[in-house]
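**Q** Take 436 as the starting number for the sequence shown in my numbering and just add one per residue.
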Amino acid sequence: MPLSMPDRPVILTGDRTTGPLHLGHYVGSLQNRVALQSTHRQFLLLADAQALTDHAHDPAKVSRNVLEIATDYLAVGIDPEMTTICLQSHLPALADLTLLYMNFVTVARLERNPTIKDEIQARGFGRDIPAGFLCYPVAQAADITAFKATIVPVGDDQAPLIEQTNEIVRRINRQAGTEVLPEARALIPSVGRLPGVDGKAKMSKSQGNTIPLSATADQIRDAVRRMFTDPGHVRAADPGRVEGNVVFTYLDAFDDDPAAVADLKARYVRGGLGDSVVKQRLDDVLEAVVAPIRDRRAAFARDPGHVLEIVRRGTQLARTVTDATLRDVREALGLFALHERCDANA
Ligand code: TRP
Numbered sequence: 436m437p438l439s440m441p442d443r444p445v446i447l448t449g450d451r452t453t454g455p456l457h458l459g460h461y462v463g464s465l466q467n468r469v470a471l472q473s474t475h476r477q478f479l480l481l482a483d484a485q486a487l488t489d490h491a492h493d494p495a496k497v498s499r500n501v502l503e504i505a506t507d508y509l510a511v512g513i514d515p516e517m518t519t520i521c522l523q524s525h526l527p528a529l530a531d532l533t534l535l536y537m538n539f540v541t542v543a544r545l546e547r548n549p550t551i552k553d554e555i556q557a558r559g560f561g562r563d564i565p566a567g568f569l570c571y572p573v574a575q576a577a578d579i580t581a582f583k584a585t586i587v588p589v590g591d592d593q594a595p596l597i598e599q600t601n602e603i604v605r606r607i608n609r610q611a612g613t614e615v616l617p618e619a620r621a622l623i624p625s626v627g628r629l630p631g632v633d634g635k636a637k638m639s640k641s642q643g644n645t646i647p648l649s650a651t652a653d654q655i656r657d658a659v660r661r662m663f664t665d666p667g668h669v670r671a672a673d674p675g676r677v678e679g680n681v682v683f684t685y686l687d688a689f690d691d692d693p694a695a696v697a698d699l700k701a702r703y704v705r706g707g708l709g710d711s712v713v714k715q716r717l718d719d720v721l722e723a724v725v726a727p728i729r730d731r732r733a734a735f736a737r738d739p740g741h742v743l744e745i746v747r748r749g750t751q752l753a754r755t756v757t758d759a760t761l762r763d764v765r766e767a768l769g770l771f772a773l774h775e776r777c778d779a780n781a
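Here it is as structure tokens:
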């Protein structure tokens, strides 16, 4: 169990519970997590509280996706004996730390955060930015530091959030006069972001351009059939472009025979290779990747009580870890501790 791995570097990462995970998560992040769990002390946070910062209008969706994502984790091979899966909203120390850190960040700094700026744009908040949304980087700093994580595997868009976390860490440590919290570094996957099947830069469920981990063989075939290729490649005989051609981008990400892919690319560029041949290969490759995940997912989905129990136990363990950090920080800052005073007088 993770508690008996005290020498291992601590990893924390998480996912907003707004929709089931998809193949974009798999190549960028989930595969990494499965590999890291045997060498690190890893915590995965089901970030339902953070999900609410832009989903206050749909708490049912946030709630429904807690077990969905936990099931996705288990389906890809996250082992609850090695990785602690825990539920953000049920770790009160995270909220306490957020409130405390809020005093060590200025509003101007929050408004300057490039990730937040982009996300405010993308969500069309205009001037009606929920305060919880503007402040979620502070909450994320609480997530990371509560576990004393030093490694945070995230996409490159999250790097400014790690920077913000470390600024808070340095301020707290300076105020405390001791290194009560460690700084963290982002672990950014070497593979680039997987585009949506429509060729858009980002896979997003709201855009309908994802392939979920639970996709059936038919859904995969359908997604591949609709997949964006080279609009200039009208007849098989025409020379085609590989750059920006989503089918090849996916083959690069999933096909374990790069020589065969290189050969296909050369024939495509030369002319004489139809989209349907390349798509057939991708269909086979994706089916081989997804089939075992889909089967394991279906098995876990048949026993939601078991998944719930894994989340409950993980959250309990995470609670002892995060409560201890909250005590450390409060003590290092010299804040009043009522309980300890009562104990001292007893
Ligand atoms: N912000 C992350 C996302 O958008 C989710 C998340 C919440 C997270 N808390 C975290 C990631 C802590 C890394 C560390 O998916």
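Cβ atoms here follow ideal geometry from the backbone N, Cα and C, with glycine treated the same way.
Would DSSP call D514 helix, strand or coil?
**A** Note: D514 maps to coil in three-state DSSP.
**Q** Tell me whether I504 counts as near ligand 1, meaning its Cβ is closer than 7 Å to at least one heavy atom of that ligand.
**A** Result no, Cβ not under 7 Å from ligand 1.
**Q** Determine the DSSP secondary structure at M436, reduced to helix, strand or coil.
**A** Legend: pLDDT at M436 = 49, less than 50; position of this residue unreliable, value from coordinates given subsequently. In this structure, M436 counts as coil in the three-state DSSP scheme.
**Q** Pick helix, strand or coil for T533, following the three-state DSSP scheme.
**A** Three-state DSSP puts T533 in a helix.
**Q** What is the DSSP secondary structure of T519, counted as helix, strand or coil?
**A** Of the three classes helix, strand and coil, the one that applies to T519 here is strand, per DSSP.
**Q** Alpha carbon to alpha carbon, what distance is there between G643 and I586?
**A** If you take the alpha carbons of I586 and G643, they lie about 32 Å apart.
**Q** On a CA-only basis, which of C570, L532, A577 and T541 is nearest E554? Give me that one, please.
**A** Per the Cα distances, C570.
**Q** Measuring straight from C-alpha to C-alpha, what distance separates G631 and P666?
**A** One C-alpha to the other measures close to 16 Å.
**Q** Give the C-beta separation of A577 and L622 to the nearest angstrom, bearing in mind that I take them to be a contact with Cβ-Cβ under 8 Å.
**A** A577 to L622, Cβ: 19 Å. No contact.
**Q** Check this for me: beta carbons of T453 and V501, under 8 Å apart or not?
**A** The answer is no: Cβ separation not under 8 Å.
**Q** Are A611 and L768 close, meaning C-beta to C-beta below 8 Å?
**A** The answer is yes: Cβ separation under 8 Å.
**Q** Counting along the chain, where does the beta strand (DSSP E) carrying F582 start and finish?
**A** It is not in any beta strand (DSSP E) - F582 carries neither H nor E in the DSSP assignment.
**Q** Below 6 Å CB to CB, which residues in the same chain sit around G709 once its five sequence neighbours on both sides are set aside?
**A** Once the five neighbours on either side are set aside, the close Cβ partners of G709 are A671.
**Q** The alpha helix (DSSP H) spanning L471 covers which residue range?
**A** Looking at the DSSP string, the run of the alpha helix (DSSP H) that includes L471 is Q466 to L471.
**Q** How would you label A782, buried or exposed, when you count the other beta carbons within 10 angstroms and need 16 or more for buried?
**A** An answer regarding residue 782 cannot be provided, because it is not within the stretch 436 to 781 covered by the chain.
**Q** Is the closest heavy atom of ligand 1 to the C-beta of G449 under 7 Å?
**A** Checking the Cβ of G449 against ligand 1 gives yes.
**Q** For the candidate residues R702, D690, L596 and E722, whose alpha-carbon lies nearest to that of A658?
**A** Answer by Cα proximity: E722.
**Q** What is the rounded straight-line gap between the Cα of L546 and the Cα of G463?
**A** Reading off the sequence, residue 546 comes out as Glu, not Leu. Whole-angstrom Cα-Cα distance: 28 Å.
**Q** Reducing DSSP to helix, strand and coil, say where D718 ends up.
**A** Reduced to three states, the DSSP call for D718 is helix.
**Q** Just to confirm, does Q715 get its C-beta within under 7 Å of one of the non-hydrogen atoms of ligand 1?
**A** Not under cutoff, so the answer is no.
**Q** Quick one: is the Cβ of L699 within less than 7 Å of any heavy atom of ligand 1?
**A** No; taking the cut-off as 7 Å, the Cβ of L699 has no heavy atom of ligand 1 nearer than that.
**Q** From L535 to G449, what distance separates their C-alpha atoms?
**A** Near 21 Å, if we compare the C-alpha coordinates of G449 and L535.
**Q** Examine ligand 1 and report whether any of its heavy atoms sits within less than 7 Å of the Cβ of A482.
**A** Yes; taking the cut-off as 7 Å, the Cβ of A482 has a heavy atom of ligand 1 nearer than that.
**Q** Quick one: measure Cβ to Cβ for D633 and F663, integer angstroms, because I've assumed they're closer than 8 Å.
**A** Right, the Cβ-Cβ distance comes to about 5 Å (below 8 Å), so this counts as a contact.
**Q** What residue range is occupied by the uninterrupted beta strand (DSSP E) comprising R476?
**A** That run of the beta strand (DSSP E) goes R476 to A482.
**Q** Please look up how many angstroms separate the CB atoms of T645 and H457, rounded, as I've assumed it's under 8 Å.
**A** Contact flag correct, Cβ pair sits at about 4 Å.
**Q** Tell me whether H445 sits in a helix, a strand or coil according to DSSP, three-state version.
**A** Looking at the sequence itself, residue 445 is Val, so the reference to His does not match. It is a strand residue.
**Q** With DSSP run on the structure shown, which of helix, strand or coil describes D450?
**A** D450 falls in the strand class under three-state DSSP.
**Q** Got a sec: does ligand 1 put a non-hydrogen atom nearer than 7 Å to the Cβ of V422?
**A** The chain is shown from 436 up to 781; residue 422 falls before or after that span and cannot be answered.
**Q** On the CB-based measure, 16 or more other CB atoms within 10 Å of its CB, does E744 come out buried or exposed?
**A** Answer is exposed; the Cβ neighbour count stays below 16.
**Q** On the DSSP bridge assignment, give the partners of L502 in chain order.
**A** None; L502 has no bridge partner.
**Q** Identify which residue in F560, F568 and D531 has its Cα closest to the Cα of V542.
**A** The shortest Cα separation from V542 among F560, F568 and D531 belongs to F568.
**Q** Ligand 1 heavy atoms versus the CB of D489: any closer than 7 Å?
**A** No, ligand 1 has no heavy atom inside 7 Å of this Cβ.
**Q** Could you check if S625 is buried or exposed, using at least 16 other CB atoms within 10 Å of its CB as the buried criterion?
**A** It is exposed - the Cβ of S625 has fewer than 16 other Cβ atoms within 10 Å.
**Q** How big is the Cα-Cα spacing for G512 and P549?
**A** C-alpha separation (whole angstroms): 33 Å.
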